[in-house]
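Notes to accompany the following structure.
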Amino acid sequence: MALLRKRNKSGVFCALLIAALGQAVYAQNQSAFLAEEIKTAEKTIQTPQVSGADKHAAFLRLAKLLRLSGNIEKAADAWTDAAFAEPGKRDDDALLEAAYCFIAIGDMEKAEASIKTILLTGTNSAALFRARYLAAQLQAFRANETALLVNLAHDANYERYKSAIYYTIWTVSHDERYKAQLLLEYPSSPEALIVKGDPSAVATDSAMWLLFPGRELVSAGSVAPTVSETTPASPPPPTTAQLALTPPPVAASAQPTLSPSGTVLQTGLFSVELNARAQIAQLNAAGFQAFLQERTVSGHQYWAVLVVPSAGTEQTMQQLKQKGFDSFPR
């Protein structure tokens, strides 16, 4: 009997060891796949006599892969390089993507430089439209100045951003009129749900405040907190860049039923959970089965966005690419 128990323990140990080794190889294969894709894009860029159009496409590919890997700083640089890859043909959409990445890593000076370039010399009307909105948000958070956002609040063309505009103006200026307007006009918007402390709030692509630093300093359900006179010693209110900009925690996304092979496709790796949830919402809206998975890499916490390849791995990867999402199997 003792020998049997010893054998059983040995069997369990071997099974756990094999599983651990399998996971390690799995992670290595995943990293190797992404690294190989990045290397291929870099090789294209460095190829002599490569055309401006091919270099532009390679930089775009590289930027998406770097963002997918979680290297936002290098992704920002790649987006910038993509913007200027073709002489005389600047890609302002890529330059705007660079600005978003610079904001995400807290490099506001580079973000402002990218946006200013678009505003001063841009001809892409769609990029100009988004750049004006981003410039107004930056001015609000960096200079505590909401004049540009107030102008956009009265511009019917910015209707889709209106709830985020009201929210930011109220958060930065504490003008209760904008809070009241937000709750009156957009009671079901993510921003209104945050104001009401509703945990069902979900990030959207119009919620620019998700990108700004300081959002992690705010407790759940607390937006632009004020200090009561009767409150005992408490920390000072946050600075403009540290205002309450985070929705309350939402329930973890349920993991869909995996395919028999257990293969999933990773479309993103984020250091900010809400950004990961925003991509999940976009993927689900596009008809994919996406879910969230927490990971710890080198002692840092990340959130991976995974998609079940319901139509087969290769076919789903193509479908994701058509919708603007890069992915790789894991």
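Residue 228 in our numbering sits at position 241 of the sequence shown, and the numbers go up by one each step.
The beta-carbon is built from N, C-alpha and C at its ideal position, and this holds for glycine as well.
Values in this document were obtained by computation on a predicted structure and should not be read as measured data.
Member of the options whose CA lies at the smallest distance from the CA of residue i
i      : options                           : result
Ala179 : Gly311, Arg164 and Ala151         : Ala151
Pro316 : Lys310, Gln309 and Gly299         : Gly299
Ala45  : Ala19, Ala81 and Asn58            : Ala81
Ala28  : Ser297, Leu135, Ser175 and Leu52  : Leu52
Val294 : Gln288, Glu23 and Gln305          : Gln305
Ala167 : Ser160, Tyr153 and Ser176         : Tyr153
Glu163 : Ala143, Pro177, Val182 and Arg117 : Val182
Lys318 : Ile105, Glu60, Phe116 and Gly57   : Nothing about residue 318 can be reported from this structure: the residues present for the chain run from -12 to 317 only.
Gly146 : Leu169, Lys26, Ala130 and Pro296  : A small correction: the amino acid at residue 146 is Glu; Gly does not occupy that position in the sequence shown. Ranking the options by Cα distance to Glu146, first place goes to Leu169.
Asn58  : Pro177, Leu21 and Phe116          : Leu21
Phe275 : Gln309, Ser176 and His287         : Gln309
Cβ pair residue i, residue j closer than 8 angstroms
i      : j      : result
Ala277 : Leu270 : yes
Leu256 : Thr303 : no
Thr254 : Val292 : yes
Ala98  : Ala114 : no
Tyr120 : Lys149 : no
Ser314 : Tyr289 : no
Val159 : Ala127 : yes
His43  : Ala69  : yes
Range of the contiguous alpha helix (DSSP H) that encloses residue i
i      : result
Thr155 : Lys149 to Ser160
Val182 : Pro177 to Val182
Thr108 : Met95 to Thr108
Ala143 : Here Ala143 belongs to no alpha helix (DSSP H), and DSSP marks it neither H nor E.
Helix, strand or coil at residue i [DSSP, three-state]
i      : result
Pro35  : coil
Ala273 : coil
Ala167 : helix
Arg119 : helix
His43  : helix
Ala86  : helix
Asp313 : coil
Phe71  : coil
Thr217 : With a pLDDT of 32 at Thr217, under the threshold of 50, the modelled position of this residue cannot be trusted; read the value that follows with caution. Of the three classes helix, strand and coil, the one that applies to Thr217 here is coil, per DSSP.
Arg77  : coil
Glu281 : strand
Ala27  : The residue you asked about is not Ala; residue 27 is Thr in the sequence shown. Looking at Thr27 - three-state DSSP - the assignment turns out to be helix.
Ser297 : coil
Ile267 : helix
Asp185 : coil
Glu172 : helix
Val205 : Confidence at Val205 is low in this model, with a pLDDT of 31, below 50, so its placement is unreliable and the value that follows should be read with caution. The answer is coil: DSSP assigns Val205 none of H, G, I, E or B.
Whole-number beta carbon distance between residue j and residue i, since they are thought to touch under 8 angstroms
i      : j      : result
Met55  : Ala65  : Contrary to the premise, residue 55 reads as Leu rather than Met in this sequence. Wrong, their Cβ atoms sit about 12 angstroms apart, outside the cutoff.
Ala122 : Ile92  : That pair is no contact at about 18 angstroms.
Gly39  : Glu84  : About 19 angstroms; that fails the 8 angstroms criterion.
Met95  : Leu139 : No, Met95 and Leu139 are not in contact; Cβ-Cβ is about 19 angstroms, not under 8 angstroms.
Gly109 : Ala100 : In fact, because the Cβ distance is near 13 angstroms, the residues do not count as touching under 8 angstroms.
Extent of the continuous beta strand (DSSP E) to which residue i belongs
i      : result
Thr300 : Note, Thr300: premise wrong, no beta strand (DSSP E); alpha helix (DSSP H) at Thr300 to Gln309.
Val294 : His287 to Val294
Gly57  : First-last for Gly57: undefined, no H or E at that position.
Thr254 : Leu252 to Phe257
Contact with chain E by residue i, beta-carbon distance below 8 angstroms
i      : result
Ala265 : This model lacks chain E altogether, as it is built from one protein chain only.
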